Every structure is written in C-alpha cells, then in structure tokens.
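Some notes on the structure that comes next.
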Amino acid sequence: MTKAYQIILVSLAVCILSSLNFSYGAASDQNKFTVVGLVYCDTCRVEFQTSISEPISGATVKLECKNRTTEKITFQSPEITTDKAGSYKIEVIGDYEDSDCDVNLVKSPRADCNDPTEAWRKARVELTALDGVTGQFRFANNLGFKKKEALPGCKKVLTDMGYYELKDELGSEAA
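Residue 136 in our numbering is what sits at position 149 of the sequence shown, and the numbering runs on without skipping anything.
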C-alpha cells in the first residue's frame, strides 16, 4: 500500500510541475510580439493609399509606448528601416496593457516624397495578450508620406474610386 501511495504522490507531483511549466511557458510566449506594417508614398496627395501608391524602401519608423496615466515612455524601439517592399518588422518583448503604443513615421529617403501624411503619421497597435487577441503578430495600419506634387494619373484613379471633388487636393489637374 505504501508503494501505491508513493507512486500516486510522484505522479501527482509530476502533473503539477508539468502544468506549472506549461502555464509559465505560455505566459512568456504571450509577451513576445512582432509588429508589422508598410510605409508608402501617397502619389496623389489624398492621405490614403490608391492603386498607384508606391512602397518606400529605406523609410524609417519607430515604435513608442506611453503609459496612459503618467505618459511616461514604457517602451521605445530603435529606428527600423523598411525593406525594398516598404515593409517593416519590430520585435517587442513585454506586455504593455496600460500603455498606448504607436508606430511613428520618422523619415523618408525620397526627396520627392517626404511630407508625412497627417492622417497616417502614426499607427496604434495593442501590445498585450490580455485583450482577447491571440498570436504573436500585430498589424499596424499602413503609414504614408506624400509626394510634393500629385502624379498626372491621379485624376483618373480617384474618379474611378468615386471621388469627384478633387480641386483642393489636385489643384488645376482636377479641372
């Protein structure tokens, strides 16, 4: 009988220890995030992507989290450069449930497209596993810089999209 109790006790200990390892292992995985996104050139100066928008290779972005109450910075990534497709990836370790986290445009390498769009200067991302979203990846809205002057093809592209009052954005081209 004593041997049976010892076997049960050892089995119970193994079960408890393995469940603790499983739950702590899962918790540490929940605190690893990969933020991904894209930086583009707004070739029509309308502050959203169109079919003739262009990805910007070599653009710089940065992720910053600030505590909602104190506004102190809780996380700051190094500056990240986009690849040739205009994509970036930022690795983050930690849970930032009490922070607002934003990917911010820093600079564009293109002299003809380096005016940050007001609407898409930054993109908010949630970096917590406590909000019901599962998985490691967090997808930021695309961020854009505007060209100095709209491309000639913008009128047709925007008209095809259903935008008719373009005089403010395109100037004389829309007339």
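Every residue gets a Cβ at the ideal spot worked out from N, C-alpha and C, and that includes glycine.
Predicted, not measured: the structure shown is a model, and the values here were computed from it.
Here the segment 54 to 63 does not lie against the segment 19 to 36, with fewer than 3 beta-carbon pairs under 8 Å apart. G122 and T104 have their C-alpha atoms roughly 30 Å apart.
Linking T47 to C88 through their CA atoms gives a straight-line distance of about 17 Å. Unbroken beta strand (DSSP E) runs of no fewer than 3 residues, entirely contained in the segment 85 to 121, are found at 86 to 94, 109 to 112, following chain order. Pairing R32 with F124, the inter-Cα distance amounts to about 30 Å.
Membership of T47 in the beta strand (DSSP E) is indicated by the continuous run 47 to 54. For K142, the enclosing alpha helix (DSSP H) starts and ends at 141 to 147. Counting every other CB atom within 10 Å of its CB across the protein chains shown gives A98 a total below 16, marking it as exposed. In the three-state reduction of the DSSP assignment, V33 falls in the coil class. Approximately 14 Å separates the beta-carbon atoms of S44 and G24; this is outside 8 Å, ruling out the contact. In the DSSP annotation of this structure, the continuous segment of the beta strand (DSSP E) that includes Y75 starts and ends at 74 to 80. DSSP, reduced to helix, strand and coil, places I39 outside both helices and strands of the structure shown, so it counts as coil.
For the pair S86 and T61, the Cα-to-Cα distance works out to about 7 Å.
DSSP places T69 in no beta strand (DSSP E); its state is neither H nor E.
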